[in-house]
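Reviewing the structure listed below.
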Amino acid sequence: MSAPAASSDRLARFALSPARRRRDRIARTGVLLGTALAVIPLLLIVYYLLRKGLGAWSVSFFTTDPTGSTFFGGSSIGGIKSAILGTIEIVALASAISIPIGVGVAVWLVEYGRDSWFAQTVRFFVDVLTGVPSIVFGLFVYIVLIVGTGSSYAGYKGSIALSLLMLPIVIRSAEVILLLVPATLRESALALGAPRWRVIFRVVLPTALPGMLTGVLLAVARAAGETAPLLFTAAATLGTTFDLGGFMNSLPVQIYKDVTSPTPAVVNRAWGAALTLVAMILLLNLIARLISRRSRLA
Amino acid sequence: MTPERSTPEVTDVDPESSAEARREIQDAPAAGPPHILGAHTQAPGAPSPAAAPAKSGLGVRLEGLRAFYGEAEQVKGIDLEFHANEVTAIIGPSGCGKSTMVRCINRMHEEIPGAHAEGRVLLEDLDVYGPSVDVVAVRRAVGMVFQKPNPFPTMSIFDNVAAGPRLAGGRRRSGRQRGELAAKVEAALRGAGLWDEVADRLDKPGAGLSGGQQQRLCIARSLAVDPEVILMDEPCSALDPVATLKIEELIEELKRRVTIVIVTHNMQQAARVADRTAFMLDGKLVEVGPTQEIFTKPDDPRTEEYVTGPFG
Numbered sequence: 003m004s005a006p007a008a009s010s011d012r013l014a015r016f017a018l019s020p021a022r023r024r025r026d027r028i029a030r031t032g033v034l035l036g037t038a039l040a041v042i043p044l045l046l047i048v049y050y051l052l053r054k055g056l057g058a059w060s061v062s063f064f065t066t067d068p069t070g071s072t073f074f075g076g077s078s079i080g081g082i083k084s085a086i087l088g089t090i091e092i093v094a095l096a097s098a099i100s101i102p103i104g105v106g107v108a109v110w111l112v113e114y115g116r117d118s119w120f121a122q123t124v125r126f127f128v129d130v131l132t133g134v135p136s137i138v139f140g141l142f143v144y145i146v147l148i149v150g151t152g153s154s155y156a157g158y159k160g161s162i163a164l165s166l167l168m169l170p171i172v173i174r175s176a177e178v179i180l181l182l183v184p185a186t187l188r189e190s191a192l193a194l195g196a197p198r199w200r201v202i203f204r205v206v207l208p209t210a211l212p213g214m215l216t217g218v219l220l221a222v223a224r225a226a227g228e229t230a231p232l233l234f235t236a237a238a239t240l241g242t243t244f245d246l247g248g249f250m251n252s253l254p255v256q257i258y259k260d261v262t263s264p265t266p267a268v269v270n271r272a273w274g275a276a277l278t279l280v281a282m283i284l285l286l287n288l289i290a291r292l293i294s295r296r297s298r299l300a
Numbered sequence: 014m015t016p017e018r019s020t021p022e023v024t025d026v027d028p029e030s031s032a033e034a035r036r037e038i039q040d041a042p043a044a045g046p047p048h049i050l051g052a053h054t055q056a057p058g059a060p061s062p063a064a065a066p067a068k069s070g071l072g073v074r075l076e077g078l079r080a081f082y083g084e085a086e087q088v089k090g091i092d093l094e095f096h097a098n099e100v101t102a103i104i105g106p107s108g109c110g111k112s113t114m115v116r117c118i119n120r121m122h123e124e125i126p127g128a129h130a131e132g133r134v135l136l137e138d139l140d141v142y143g144p145s146v147d148v149v150a151v152r153r154a155v156g157m158v159f160q161k162p163n164p165f166p167t168m169s170i171f172d173n174v175a176a177g178p179r180l181a182g183g184r185r186r187s188g189r190q191r192g193e194l195a196a197k198v199e200a201a202l203r204g205a206g207l208w209d210e211v212a213d214r215l216d217k218p219g220a221g222l223s224g225g226q227q228q229r230l231c232i233a234r235s236l237a238v239d240p241e242v243i244l245m246d247e248p249c250s251a252l253d254p255v256a257t258l259k260i261e262e263l264i265e266e267l268k269r270r271v272t273i274v275i276v277t278h279n280m281q282q283a284a285r286v287a288d289r290t291a292f293m294l295d296g297k298l299v300e301v302g303p304t305q306e307i308f309t310k311p312d313d314p315r316t317e318e319y320v321t322g323p324f325g
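Which chain is which? The protein sequence lines are A and B, in order. If you count the first sequence from 1, you need to add 2 to reach the numbering used here. If you count the second sequence from 1, you need to add 13 to reach the numbering used here.
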C-alpha cells in the first residue's frame, strides 16, 4: 500500500539472523547428542544379551533342569526349565494376590474414599511403598514368615514378597485410570436408578479395563524381574516343582547364582537365562501396549 | 424379585395409579414401577407408534428448595410446580442455579462430594427427600438427559438402551425375559425416534452414532426404565440445528407420557417447546407462567430485560 522502500523496512524484522541460526543448530546438536548418549547403554545391553545369550540357547536349555554340576563339560550343567516355570508360578500367585486387592483399593479410593482423610492417608502410604527398595519386602517376609514362624523357605513366601512389591504399582496405575473414566458416565448410570456398586461393576470397571490391564501387566513385568525379594524367601532349587510350599527356582535367582560361578558354561547359562527373562518381560510389555492401544480412555 | 411382572396391566392412567406409583417408591426399593407392562400395551387408535404407551407423567412440586455446594448456597429457596404431562422450561443466565435445581429433583445433586439440599421435592405427595425413600426408586421414576450426549462407551446401541433395566434388575435372563428386554429396547428406541435409523445395527457401538443420534440414544436409554418425569439439562447445547429440531419434536411427543423439565440457554427453544417457562436469577425464582406470557408480557421487569435483552 505504501512505497516499496517503507514496505521492505517493515519486513526486515522477519529476516533470520545468523546468530539465531547458529544457536538453533547448537541446541539441536546438544539434544541429539544427549539422546544418543542415553541410547548407547541400552543398545549395548541388548547387543551383549543377544550375543552371549543366544549362544546358550538350545532346545535342551529350555527343557532340562539345572543339574548342579559345575564340571568343565558344558552339556552336563543342564538348562533353566525349573527357573522359567518357577518364575511363572511365583509371579502368577503374586498377581492373584495383589491384583484383586490393588484394584479393590483403587476402586475404594476413587469411588468412595475420594478426598477423605483416610483416603489421603492410604494414598500417602501407597506412595511410600512405591519407593521402598525391593529387598526390604524380601526382608519383611523373611522376618515374619520364615524367622517368625521358624519354618523354611517356600515358593509362596516369595509370591507374598512380590505381591507386596506389586501392590502399590497396581493401586496407583488403576487409580489413575479410574480417575480418567468420565464423571458423566457414572452420573448417567446413577440417574438410571442403578445402585452405586452396580455402576462400578457394569459401567466404570468395563470402561477402565483396558487401561488397568496395562498397569497391571507392567507391575507383573516388574515383579518377574526382581531377585532380591526371592533370595531369602523362595530361595533356589534345582528341580522343577509345582509345590509352592517348597523351595522354588526362579529366573532372577538362577542368574544371580550362575553368574558368580567360576565355570564359563555356567556363566553362559546366566546369559541365556537373562535373555529369556528379558524376552518374557518384553512380551508382557508388548501385550500391555497392544491392549492400551485399544483403550477408549487413552 | 419381579413384582412388576405380576401386576395387572394398566392401560389407562387416572390419579389413583400415580398414587400407586408413589407407594411403589416407598414399599419396593429397587423395583420398577408396577405398570411397566402397561408401557407395551398399544392403545387402540394411538396417534403415532411412538406415543403408544398409556402412561402418564407425575406432577412435581418444589417447596422451599435450597441447594448447597459445601457452604455456598446455589439455590436459595425455590417454590415451583411442574404440571404433569407438560413441558416446563427453566431459563436464566449461566450460574443462576438452573441445573443445580433440576438435579435436586432426582437427588443427583447429592452425588457431588460436599453437596446437599434442603427443603422438599414432592412427586405428587411424596417427598423424595423423606427418610424412608429409596433414592434408586426415585431415579427410576425421574429420568435424566445430560448436556453432552454420553452413551456408555463399552456398550452397543442395544446394550446402552438395555442398561437401565439391566443395571436395576440384575436377575439372570431367561429366554422369555430376554424377549421382553428386546421389546422394551425397541419401544424405547421408537419412543426416542431412533429406531428406524439404528434397527439394522443394534450391535454396533453407541459411540459411533452422530451427536444428535447419541443424544436421542440417551433419551431412549432413560425411557427404557419407564420414568414418569424426565429432566433435560440443556439437551441440545452440543447439537446442530437439525439435530436440535429433532429433539424438540421428540419432546412434543414425549410429554404425552412423561412430565418434562428442560433447562435451556436458548430462549427460542423455550418458546418453541415449553408449555410453561420459569425464569431464575441468582438462585431464586423470579417468575413462572405460561410460556406465551413470560415472553410477551412478563410481570417482572428483570424477566422482561432477560427475554428481550441482548442475550436473546
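The beta carbon of each residue, even a glycine, is placed where N, CA and C say it ideally should be. Just so it is clear, the structure is predicted and the values come from calculations on it, not from any experiment.
Item                                                                                                                                                                                             : Value
With a cut-off of 7 Å, does the C-beta of Thr216/A fall near any C-beta of chain B?                                                                                                              : no
Compute the distance between the beta-carbons of Tyr114/A and Thr235/A, then report whether it is under 7 Å.                                                                                     : no
If you follow the beta strand (DSSP E) that Arg88/B is in, where does it begin and where does it stop?                                                                                           : The residue asked about is misnamed: residue 88/B is Val in this sequence, not Arg. First-last of the beta strand (DSSP E) with Val88/B: 85 to 95.
So, for Gly76/A: in the same chain, excluding its five sequence neighbours on each side, which residues have a beta-carbon less than 6 Å away from its beta-carbon?                              : For Gly76/A, the pLDDT reaches just 48, beneath the cut-off of 50, and the residue's location in the model is therefore unreliable, although a value from the coordinates is still provided. Ala267, listed in sequence order.
Do three or more CB pairs link the stretch 248 to 261 of chain A to the stretch 88 to 97 of chain A at distances below 8 Å?                                                                      : yes
Between Val286/B and the rest of its own chain, which residues show a CB-CB distance below 6 Å, the 5 nearest in sequence each way excluded?                                                     : Val100, Glu261, Ile264
Name the one or two DSSP bridge partners that Lys111/B has.                                                                                                                                      : Lys111/B pairs with nothing; no bridge assigned.
Going straight from the alpha carbon of Val242/B to that of Ala97/B, what length do you get?                                                                                                     : 8 Å
Decide yes or no for the touch test of the stretch 75 to 87 of chain B against the stretch 226 to 241 of chain B: beta carbon pairs closer than 8 Å, at least 3 of them.                         : no
Which residues share a DSSP beta bridge with Arg12/B?                                                                                                                                            : No answer is possible for residue 12/B: it lies beyond the span of chain B, which begins at 14 and ends at 325.
Let me know if Lys297/B comes out buried or exposed under the rule of 16 or more other beta-carbons within 10 Å of its beta-carbon.                                                              : exposed
Let me check understanding here. Comparing Cα to Cα, which of Ile86/A, Ala21/A, Ala58/A, Gly32/A lies closest to Met282/A?                                                                       : Ile86/A
Just tell me which of Leu194/A, Tyr155/A, Ser175/A, Gly160/A has its CA closest to the CA of Pro164/B.                                                                                           : Leu194/A
With a threshold of 7 Å between beta-carbons, can Ser190/A be considered close to chain B, or not?                                                                                               : yes
Would a check of beta-carbon distances place Gly115/A closer than 7 Å to chain B?                                                                                                                : no
Cα-Cα, which of Ala40/A, Leu56/A, Lys83/A is closest to Phe244/A?                                                                                                                                : Lys83/A
Return the bridge partner residues of Val274/B from the DSSP annotation.                                                                                                                         : Thr101/B, Leu244/B
Using beta-carbon positions only, say whether Val141/B and Val151/B come within less than 7 Å of one another.                                                                                    : yes
Report the three-state DSSP secondary structure of Tyr82/B (helix, strand or coil).                                                                                                              : strand
DSSP three-state call for Thr151/A: helix, strand or coil?                                                                                                                                       : coil
Can you give me the Cβ contacts of Lys54/A inside the same chain, cut-off strictly under 6 Å, excluding the 5 residues immediately before and after it?                                          : Trp273
So is Thr37/A buried or exposed if we call it buried at 16+ other beta carbons inside 10 Å?                                                                                                      : exposed
Counting only Cβ-Cβ distances shorter than 9 Å, please list the residues of the stretch 92 to 106 of chain B near chain A, keeping chain order.                                                  : none
Is there contact here, the stretch 309 to 317 of chain B with the stretch 132 to 148 of chain B, by at least three beta-carbon pairs under 8 Å?                                                  : no
Name the chain A residues that come within less than 8 Å of Thr113/B, Cβ to Cβ?                                                                                                                  : Going along chain A, no residue has its Cβ under 8 Å from Thr113/B, so there is no contact; the nearest lies around 14 Å.
When DSSP builds the beta bridges, which residues end up paired with His129/B?                                                                                                                   : Phe81/B
Listed from N- to C-terminal order along the chain, which residues in the stretch 191 to 207 of chain A have their beta-carbon within a distance smaller than 8 Å of any beta-carbon of chain B? : Ala191, Leu192, Ala193, Leu194, Gly195, Ala196, Pro197, Arg200, Val201, Arg204, Val205
Can you tell me the Cα-Cα spacing of Ala210/A and Val109/A, whole angstroms?                                                                                                                     : 11 Å
Are the stretch 160 to 179 of chain A and the stretch 198 to 207 of chain A touching by the rule of at least three beta carbon pairs closer than 8 Å?                                            : no
Mapping the DSSP letters down to three states, classify Phe292/B as helix, strand or coil.                                                                                                       : strand
For chain B, find out if any of its Cβ atoms is closer than 7 Å to the Cβ of Thr186/A; answer yes or no.                                                                                         : yes
Which chain A residues are close to Leu180/B, counting only those with a beta carbon under 9 Å from its beta carbon?                                                                             : Ala191, Leu194, Gly195, Ala196, Pro197, Arg200, Val201, Arg204, Val205
Against chain B, does Thr209/A count as a neighbour if the rule is that its beta carbon must be under 7 Å from one of theirs?                                                                    : yes
Spatial neighbours of Cys129/B within its chain, please: C-beta separation below 7 Å, excluding the five flanking residues on both sides.                                                        : One detail in the question is off: residue 129/B reads as His in this sequence, not Cys. Phe81, Glu123, listed in sequence order.
Which residues, taken in chain order from the stretch 142 to 171 of chain B, show a beta carbon closer than 9 Å to some beta carbon of chain A?                                                  : Val148, Val149, Ala150, Val151, Arg152, Arg153, Ala154, Val155, Gly156, Met157, Val158, Phe159, Gln160, Lys161, Asn163, Pro164, Phe165, Pro166, Thr167, Met168
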